[in-house]
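In my numbering, the protein residues as written are 74 to 362.
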């Protein structure tokens, strides 16, 4: 399916830092993804601790598998890898990032009914500063999402503000301390929609999500993208050819575009490395508990 994004939509994204585009994926496309995900969940019955594929909930057992994240689903789910060339998504990315777009990483965050770990308030930019901030995250709704089943929530306009401190006890904690930072999180907007819709949020936008309190699951596939001329400041480019193979639109370049954007490095590294769930364990004060 194609996505229709107007100039008004682009202006809204630039002003508010997020956008929800409905009905980008068809039901047939969703069913293929869900089928492959079901197969992975079955495999998790044989897993007892986090590995290269699964990030497990604390209450996971082989008899009752509880997964909070599939790591790099594009590497283990052909349907997800195929989405990187999805015309509807690429059309939106071209309007929000420009003609050159580079894929960075994928993940699939899962929230079971009456369960599902919260993701504390944070800015993706705190994890991955670049030479410019033309980066965003796409969220693909695999289920209907409303205010009750742990939607991703974004603080409108926060992408134009400061880069908040994401440290605790002298180490990077991957989250904003809700006690030390006088932010009105009640102003955050839940990004809701029907399965097949996509969300787009700016790399500097403050966002988070509560646990799932409903009777319905909430599975959200996430892709991170950057403009081709945004070069990472934290993780050095080891191999240029591999770096350029991540381009999904436009041509490669070795001339980074450098803009005046605020940067705070995610250093010293968190005591608990791994996914954001592990990194955020080190934060001093939690919002969603």
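Ideal Cβ positions, reconstructed from N, Cα and C, are used throughout, including at glycine. These numbers come from a predicted model, not from an experiment.
Provide the residue span of the alpha helix (DSSP H) that contains residue 122, from first to last.
Here residue 122 belongs to no alpha helix (DSSP H), and DSSP marks it neither H nor E.
Using a Cβ-Cβ cutoff of less than 8 Å, which residues in the same chain neighbour residue 153 once the five nearest sequence positions on both sides are dropped?
106, 109, 146, 147, 179, 181, 294
For residue 129, the three-state DSSP class (helix, strand or coil)
strand
Neighbourhood of residue 189 by C-beta, 6 Å cutoff - its chain only, sequence neighbours within 5 removed
223, 284, 285
Given residue 343, which residues of its chain have a CB within under 7 Å of its CB, disregarding the five upstream and five downstream residues?
244, 245, 246, 247, 352, 355
Which one or two residues does DSSP pair with residue 211 in a beta bridge?
273, 296
Mark residue 184 as exposed unless 16 or more other C-beta atoms lie within 10 angstroms of its C-beta, in which case mark it buried.
buried
When 228, 163, 309 are compared against residue 277, the one with the closest alpha-carbon
228
In chain order, what are the residue ranges of uninterrupted beta strand (DSSP E) at least 3 long that sit wholly in the stretch 168-223?
174-184, 192-195, 208-214
For residue 266, the residue or residues it bridges with in DSSP:
218
Between residue 219 and the rest of its own chain, which residues show a CB-CB distance below 6 Å, the 5 nearest in sequence each way excluded?
265
For residue 363, count the other beta carbons within 10 Å of its own beta carbon; 16 or more makes it buried, fewer makes it exposed. Which is it?
In the structure as shown, the chain begins at 74 and stops at 362. Residue 363 is therefore absent and cannot be evaluated.
Suppose you measure from the CA of residue 175 to the CA of residue 93; what does that come to, to the nearest Å?
21 Å
Sort 213, 311, 84 by Cα distance to residue 99 and report the nearest one.
213
What would DSSP say about residue 343, mapped onto helix, strand or coil?
coil
With distance defined between alpha-carbon atoms, name the residue in 137, 164, 144 nearest to residue 323.
164
Taking the alpha carbon of residue 78 as the point to measure from, which residue in 88, 89, 97 has its own alpha carbon closest?
97
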